[in-house]
Structures are given as C-alpha cells and as structure tokens.
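Those protein sequence lines, which keep their order, are chains A and B. The first sequence begins at 5 in the working numbering and counts up by one. The second sequence begins at 46 in the working numbering and counts up by one. For reference, the structure discussed in these notes is given below.
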Amino acid sequence: MKLHEHQAKTIFADAGIPVPDSRLATTVDEALDAVDEIGYPAAIKAQVHVGGRGKAGGIKIATDREEAEQYAEEILGMDLKGYTVDSVLVEAGVDFVDELYVGVTMDRGAGEPVLMVSTEGGVNIEEVAEENPDAIAREHVDPAFGLHPYQARKVVYEAGVDADVALDVASILSTLYDLYEANDASEIEVNPVMITGDRDVVAADAVMNIDEDALFRQPDLAEMAEASYEDDLERKAGEYGFDYVRLSGNVGIIGNGAGLVMTTLDLVDYYGGKPANFLDIGGGAKAERVTKALDMVFSDPNVDSVVFNIFGGITRGDEVAKGINEALAEFDEIPKPVVVRLAGTNAEEGMEILNTDLIEVEETLEAAVQRAVKNAEEVTQ
Amino acid sequence: MSIFVDDDTRVVVQGITGGEGKFHAGQMIEYGTNVVAGAVPGKGGQEVAGVPVYDTVDEAVEEEDADASVVFVPPAFAGDAIFEALDTDLDLAVAITEGIPTQDMAKVNKRLSEVDTRLLGPNCPGIITPGEAKLGILPGNIFADGNVGLVSRSGTLTYQVVDNLTERGIGQTTAIGIGGDPIIGTSFIDALEAFEADSETDAVVMCGEIGGEDEEQAARFIGEHMDTPVAGFIAGRTAPPGKRMGHAGAIVSGSGTGTAQSKIDALNDAGVPVGDTPEEVADHVEDFL
Chain A
5 MKLHEHQAKT
15 IFADAGIPVP
25 DSRLATTVDE
35 ALDAVDEIGY
45 PAAIKAQVHV
55 GGRGKAGGIK
65 IATDREEAEQ
75 YAEEILGMDL
85 KGYTVDSVLV
95 EAGVDFVDEL
105 YVGVTMDRGA
115 GEPVLMVSTE
125 GGVNIEEVAE
135 ENPDAIAREH
145 VDPAFGLHPY
155 QARKVVYEAG
165 VDADVALDVA
175 SILSTLYDLY
185 EANDASEIEV
195 NPVMITGDRD
205 VVAADAVMNI
215 DEDALFRQPD
225 LAEMAEASYE
235 DDLERKAGEY
245 GFDYVRLSGN
255 VGIIGNGAGL
265 VMTTLDLVDY
275 YGGKPANFLD
285 IGGGAKAERV
295 TKALDMVFSD
305 PNVDSVVFNI
315 FGGITRGDEV
325 AKGINEALAE
335 FDEIPKPVVV
345 RLAGTNAEEG
355 MEILNTDLIE
365 VEETLEAAVQ
375 RAVKNAEEVT
385 Q
Chain B
46 MSIFVDDDTR
56 VVVQGITGGE
66 GKFHAGQMIE
76 YGTNVVAGAV
86 PGKGGQEVAG
96 VPVYDTVDEA
106 VEEEDADASV
116 VFVPPAFAGD
126 AIFEALDTDL
136 DLAVAITEGI
146 PTQDMAKVNK
156 RLSEVDTRLL
166 GPNCPGIITP
176 GEAKLGILPG
186 NIFADGNVGL
196 VSRSGTLTYQ
206 VVDNLTERGI
216 GQTTAIGIGG
226 DPIIGTSFID
236 ALEAFEADSE
246 TDAVVMCGEI
256 GGEDEEQAAR
266 FIGEHMDTPV
276 AGFIAGRTAP
286 PGKRMGHAGA
296 IVSGSGTGTA
306 QSKIDALNDA
316 GVPVGDTPEE
326 VADHVEDFL
C-alpha cells in the first residue's frame with residue numbers, strides 16, 4: 005500500500021525529519037491560500053501514486069501568484085499516467101546546492117533490510133541502480149538487532165556524502181529505519197534529500213510503501229489506505245478482495261493460486277488466445293467467493309469467453325462447484341461461454357454436483373484452455 | 046527413498062483447533078501421516094482429529110516425540126508460531142500460512158541461520174513423500190510413489206504438474222512446495238541439493254515463476270553441481286511488467302531480471318529444458334527416464 009507524499013511527510017515530520025513547510029489543497033483557491041501563507045518559490049506537486057511525477061508534468065515551481073494559479077489549474081484534475089489528480093501539495097521551494105538519495109527496503113535475496121545512500125540523488129534512482137550500481141552505497145541491517153547508528157554513519161560516509169552534512173544525513177537515515185520498522189514499511193525513501201547553501205538537510209520528497217500483510221497491526225495506516233483503481237472492474241475486485249489484474253485480451257481467466265492462474269494465462273497465450281485478466285480467488289475459497297469471481301469476469305465487456313481452472317488443495321472442489329451453481333442460477337442463459345476444469349481436493353464431489361446444463365466441462369487444463377480460446381474466437385468472428 | 050519426510054516422521058500440528066488445521070490434520074492422518082499431536086495455546090488437554098492437543102510445541106515434542114511441525118496459524122501469530130517451532134529444535138517446520146508480514150519473516154529468517162531446523166514456506170502447500178507422509182494441504186490422491194523429485198514455488202502449479210506426471214505413470218520421490226513469498230526458508234537450491242544426493246531420485250522438476258532471482262541462482266547451481274537431470278517450468282510469461290500477480294513475490298520490476306524470459310534463459314543455459322506447458326514438462330521428464 006502506497007502512502008501519498010503528504011501523508012509520508014507528516015509521518016517524517018512527526019519523527020523529526022526536516023521537511024519543507026507545506027499545505028494540501030484540493031482546489032485552486034485552496035492552493036492560492038496555501039502559497040499566500042508559504043511564499044515563493046513554491047512547488048505545486050500532484051498527489052498521485054505514480055513515480056516520475058516531475059517528468060510527467062505533475063510538479064511545477066511557481067515563482068509568483070500568477071504562476072501558482074496557472075500551475076494549480078493545470079495540475080488539479082490532470083490525468084497522470086492513468087490517475088486523476090484530485091489534490092496537490094503546495095510546498096515551500098528549497099534553495100539547494102546538492103541532492104542525495106536515501107532509502108530503506110527489504111533485500112529479498114539477503115532476507116534482510118538494506119540501507120541505501122547515493123550522492124546521485126534527484127534523478128531516476130532506478131536508472132542509477134541499473135547503469136551504475138556502485139553509485140549507491142548499501143548496508144544490510146540485522147532485523148533481529150535493528151539498526152546500529154554506526155551503520156547509518158558508515159553507509160553515508162561510504163556514499164561520499166560531504167563531511168559537514170554527513171551526520172545530519174545519517175540521522176535522517178536512522179530515523180527512516182525506525183519508521184520503516186515501526187510502520188511495517190516495505191519501502192521508504194527520500195529522493196532527493198536537499199542540501200541548502202546554509203548546509204541544512206531537508207527531505208524534499210517522501211516515498212513510503214506499507215506491507216499490506218501487516219496492516220492488521222497498523223490501524224492508523226490502514227485508515228490512510230485509499231483505493232486507487234484504474235477502472236470500475238479493479239474497484240470491484242478491490243471490494244471483493246481478489247488479486248485481480250486487468251489485461252488487454254478477451255479470454256476471462258479465473259483460478260486458484262497465483263502460479264496456476266499465471267500458467268492458465270500463459271496457456272491461453274500459447275494456444276493463440278489473449279488473456280483478459282488475472283483473477284486469483286485465493287486459497288480455501290468458499291462458494292460465495294466463486295460467485296463473485298464469475299460476476300466480476302462477466303461484468304468485463306471485453307470478455308468473450310471464460311475459463312475457470314481450479315486445482316484444489318486447501319480449496320475444495322465441492323465448494324467451488326456450489327459457487328458456480330449459485331452464480332449460474334441467476335441466469336437463464338449464460339452471458340459468455342464458460343469452460344470449467346475442476347481437479348484436486350473434493351473434485352469428484354464437485355463434478356457430481358456441478359450444474360453442467362449451462363457450462364462446458366473439460367478434464368485437463370490444456371483441453372479447457374483450448375476450448376475457451378476457441379469459444380472466444382467464435383464470438384469475435 | 047525420499048527427502049526431508051518419510052513414514053517415520055512424527056508430526057505436531059500447530060493451530061490444530063482452527064478450521065483449516067482441523068480439516069487438514071484429518072486429511073494428513075487419512076493419508077497415513079504420523080500426526081502425533083496438536084499444539085494450541087490455551088487448548089491443552091483437548092483432543093482433535095484423534096490426537097492430543099498441548100499448550101506448547103515443547104510439550105508436544107516431549108510427550109509425543111514429534112520431530113516435525115506443520116503451522117496452520119493465522120498470519121498475525123504465525124511468525125511467533127514458527128519461532129516456537131524453531132526454538133523446539135524440530136527437524137522440520139512447514140508453514141502453510143499465507144500473508145505473514147515480511148518483517149516478521151526477516152526475523153524468522155535470521156533465527157533460521159542459528160538453528161538446525163529446516164523451514165518450508167511460508168505460504169506453501171507443504172511436502173509429500175507419496176505413500177509415506179504428507180505435511181500440508183496437498184491433495185494426496187494425485188501423487189504416486191516413484192523416482193521423480195519436484196520442487197515448486199507455487200502450490201496449485203505443483204498439483205498441476207504432478208497430475209501431468211502421474212497421469213502417464215511417472216511417480217514422485219518427494220514433492221516440495223517452497224512457497225511464493227519474498228522471504229522463505231528452504232530454497233530451490235536446498236531442495237535440488239537434497240534431490241541430487243538422493244539415490245532414488247532419477248529426475249527433478251523445478252517449477253518457478255516471475256519475480257526475484259531464485260530461479261536464476263538455482264540454474265547456476267544445476268549447471269555446476271547436478272548430475273540428475275532437471276526439467277523446468279516458469280509461470281508468468283504473459284504477466285505485464287510492474288503488476289503484482291497474486292503472490293507477494295510474483296512481480297516483474299521491468300528491469301530485466303526476474304522476468305520469465307530471464308529465468309527460462311538461465312535454465313536453458315544450465316542445460317535444463319523448460320516446458321511451454323505442464324504437459325511438455327512431463328514430456329521432458331519422460332525423455333530423461
């Protein structure tokens with residue numbers, strides 16, 4: 005779960021990390037009130053969950069009231085990589101002489117958190133990581149002991165940060181690690197940390213992603229969770245709690261378990277079809293969930309045919325069959341042809357109760373996928 | 046022969062009084078697994094699925110001589126439950142639970158390096174040595190005793206590939222789900238190493254998916270250290286970059302590593318044929334035998 009910059013900055017400021025003075029605005033008038041209070045220059049920054057906002061025109065620096073009005077009008081309501089901007093952060097401009105990158109994330113390979121510092125801040129750090137990995141100094145943290153302050157100092161010195169600000173940067177990094185731990189973050193970074201002519205350090209941006217699996221113990225953060233969906237179907241999937249990704253094809257895919265659903269997608273592609281979506285009903289799904297999954301895929305106008313692929317382990321075939329029957333009971337005629345393949349735990353019981361009047365059944369994955377691809381072809385012809 | 050579990054394995058089920066714990070303890074027993082105890086704090090003295098329940102894993106080990114654990118504990122408490130298993134010096138702990146916070150697993154991972162217990166998972170279907178023991182949620186009826194080892198990051202994909210093998214009469218020594226989370230206990234390499242050392246395993250199937258670099262590392266291990274032939278399968282060829290496909294780990298960053306193609310290339314370079322379909326994986330295995 006991603007936090008907005010203004011949310012992360014509030015958390016940073018509360019923890020003592022220096023951030024620029026700022027106000028959140030949802031209208032042009034609010035933005036102008038904010039710049040009146042803050043003064044010029046002021047940054048007008050789109051609050052959307054996408055990277056590279058600056059390059060995409062979502063961040064502008066206003067040097068007077070006229071520019072502030074113009075930029076606020078431009079940015080509020082703009083479409084930024086598929087997301088509509090409905091709020092901006094109006095922030096005091098920082099007169100800087102240098103920019104750094106600092107971050108904390110989980111190194112999945114090492115199974116440990118890692119601190120990262122680079123003097124090549126202010127640019128796309130992913131590009132730096134790829135083209136010049138040595139430009140980022142790294143230090144792993146033992147998750148059982150937590151961070152020792154010397155480690156933050158060590159990585160800051162290793163990165164070549166100027167000596168007169170190194171301890172201040174290390175202090176920000178230490179605080180970031182504390183926040184990373186306390187908030188169950190999966191990633192927390194500042195790009196850039198700006199160094200002013202007076203040799204002050206300021207967190208000019210703030211990225212904070214939270215481990216969704218840990219939200220049960222982060223009630224305050226869970227309240228900040230703001231669904232950002234690209235369309236109504238993704239919104240529906242969010243409400244139903246499905247792992248769902250919309251794709252560009254026309255064969256709807258429902259299955260259990262990420263690996264098997266991905267494999268089903270791959271096979272649709274392999275047999276000449278185009279997947280319309282990835283929908284994992286998850287482990288141990290009961291009948292009601294199955295009904296919702298079918299409802300989801302049926303309500304996608306791009307879907308011409310559906311393949312329902314269940315291999316039960318913790319999921320039980322009879323529960324799945326019940327759900328399919330309940331979903332089908334709503335229709336005299338199924339809106340799109342459905343092929344079901346049911347295997348594994350209680351599959352035989354499932355097959356016995358499955359209402360096959362309205363759907364097609366195949367025994368193997370390959371056959372089910374091929375039939376669904378053929379069904380889709382027939383619709384498009 | 047088999048790796049990690051056999052008919053001597055004595056199992057304690059952590060969380061046996063919960064819905065899943067109870068159902069699958071029953072399924073494991075029905076399969077023939079030596080489930081000797083349950084462990085649930087506050088439920089000591091009860092009996093579930095015909096086995097005694099203890100308040101602690103320690104007690105279960107002491108009273109019933111358990112040497113392996115299966116964890117069916119909700120995510121909020123599962124990290125703690127795994128610690129309990131590790132601190133009891135069991136040979137094996139199998140964590141089925143999905144959705145354990147990553148920072149909890151980082152701490153577990155650290156402790157793992159200090160103990161002798163092997164951890165499978167979390168977010169895995171478990172392990173089965175057909176005809177001997179099943180620890181987890183795998184549907185026992187699709188497996189058959191034989192000479193092919195299988196290791197997979199995905200539960201349902203494991204079932205699919207095993208089904209394709211068993212259908213044509215190819216049985217398994219042991220099948221292992223290692224789990225789809227970013228931080229897991231036993232890795233592909235750990236399992237491959239054990240299969241390589243097992244005299245009864247004549248071929249191995251390795252099922253991976255997009256995200257991370259474990260498959261690439263496993264490919265290097267196969268190229269350098271394995272004589273037993275390996276066939277591969279990689280799920281997620283059609284996954285769009287940047288989108289999370291279910292598993293916490295199944296995301297392609299778009300930076301060239303972790304993609305299906307980079308994993309397939311690495312496996313091919315190590316001499317591992319990768320099937321386009323699960324059926325093709327079975328074809329490759331058949332060619333080996």
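A virtual CB, placed ideally from N, CA and C, is assigned to each residue, including glycine.
Q) In or out: N186 (chain B) buried (at least 16 other Cβ within 10 Å) or exposed? A) exposed
**Q.** Helix, strand or coil at F312 (chain A) [DSSP, three-state]
**A.** strand
Q | From A:T267, A:V383, A:P341, residue whose alpha carbon lies closest to that of L369 (chain A) | A | A:T267
Q | Short CB-CB distance (under 8 Å) between R21 (chain A) and chain B | A | Looking at the sequence provided, one finds Ile at residue 21 (chain A) rather than Arg. Closer than 8 Å: no.
Q) When the Cβ atoms of the segment 267 to 285 of chain A are set against those of the segment 376 to 384 of chain A, are three or more pairs found closer than 8 Å? A) yes
Q. With 8 Å set as the bound, which would you pick, yes or no: does the beta-carbon of K155 (chain B) sit closer than that to a beta-carbon of chain A?
A. yes
(Q) Once the 5 residues before and after R221 (chain A) are set aside, which same chain residues still bring their CB inside 8 Å of it? (A) D188
Q.
Is there a Cβ of chain A sitting closer than 8 Å to that of D321 (chain B), yes or no?
A. yes
Q) Residues of chain B with a CB under 7 Å from the CB of F315 (chain A): which are they? A) T201, Y204, Q205
Q: Compare the C-alpha of N209 (chain B) against each of A:P341, A:Q51, A:A371 and name the closest.
A: A:A371
Q: Would you please verify whether the beta carbon of P318 (chain B) is less than 8 Å from any beta carbon of chain A?
A: no
(Q) Which residues in chain A have a C-beta closer than 9 Å to the C-beta of P148 (chain B)? List them in chain order. (A) The sequence given here places Gln at residue 148 (chain B); Pro does not occur at that position. Those within 9 Å of Q148 (chain B) in chain A are M110, P117, P147, Y184, E185, D188, A189, S190, D215, A218.
Q | The alpha helix (DSSP H) enclosing Y99 (chain B), as first and last residue numbers | A | No alpha helix (DSSP H) holds Y99 (chain B); the beta strand (DSSP E) holding it covers 96 to 99.
Q: Have a look at I234 (chain B) and F266 (chain B) and give me their C-alpha separation to the nearest angstrom.
A: 7 Å
Q: Report back the beta-carbon spacing between L251 (chain A) and V265 (chain A) to the nearest angstrom; my notes put them in contact at under 8 Å.
A: Not confirmed; about 12 Å, so no contact.
Q. So does G253 (chain B) have its beta carbon nearer than 7 Å to some heavy atom of the ligand MN?
A. This structure does not include the ligand MN; it has no bound ligands of any sort.
Q. Excluding five sequence neighbours on each side, which residues of the same chain lie with their C-beta closer than 8 Å to the C-beta of E352 (chain A)?
A. G321
Q: Mark S190 (chain A) as exposed unless 16 or more other C-beta atoms lie within 10 angstroms of its C-beta, in which case mark it buried.
A: buried
**Q.** Minimum length 3: unbroken beta strand (DSSP E) runs contained in the segment 312 to 362 of chain A
**A.** 342 to 348
Q) What does I318 (chain A) touch in chain B if you count any residue whose Cβ is under 7 Å from its own? A) E65, I182
Q | Status (buried if at least 16 other CB within 10 Å, exposed otherwise) for V383 (chain A) | A | exposed
Q: Determine the burial state of A242 (chain B): buried for a count of at least 16 other Cβ atoms within 10 Å of its Cβ, exposed for fewer.
A: exposed
Q: Please list the residues of the segment 266 to 295 of chain A that have a C-beta atom closer than 7 Å to any C-beta atom in chain B, keeping them in chain order.
A: M266, T267, L269, D270, L271, D273, Y274, P279, F282, D284, G287, G288
Q) With a CB to CB cut of under 8 Å and the five nearest residues on each side skipped, what residues in its chain are close to A113 (chain B)? A) V50, T54, R55, V56, V57, L135, D136, L137, A138, V139, L180
Q: For L131 (chain B), I'd like the list of residues in its chain whose CB is within less than 6 Å of its CB, leaving aside the five on either flank, ordered along the chain.
A: R156, V160, T162
Q) Can you name the residues that DSSP bridges to R27 (chain A)? A) A:V94
Q: Could you spell out where the alpha helix (DSSP H) holding A114 (chain A) opens and where it closes?
A: Neither: A114 (chain A) is in no alpha helix (DSSP H) and is coded neither H nor E.
(Q) Buried or exposed for T30 (chain A), going by 16 or more other Cβ atoms inside 10 Å? (A) exposed
(Q) Let me check understanding here. Comparing Cα to Cα, which of B:A82, B:E238, B:A111 lies closest to Y99 (chain B)? (A) B:A82
Q) Should A333 (chain A) go down as buried or exposed, given a rule of 16 or more other Cβ atoms within 10 Å for buried? A) exposed
(Q) For G166 (chain B) and G224 (chain B), which I take to be in contact (beta-carbon distance under 8 Å), what is that distance rounded to the nearest angstrom? (A) 4 Å
Q: Answer yes or no: do D272 (chain B) and V193 (chain B) have a C-beta to C-beta separation smaller than 8 Å?
A: no
Q. Which chain B residues sit within Cβ distance under 7 Å of L369 (chain A)?
A. Q205, P323
**Q.** Within chain B, the residues that L264 (chain A) reaches when beta carbons sit closer than 7 Å
**A.** S199, T201, L202, Q205
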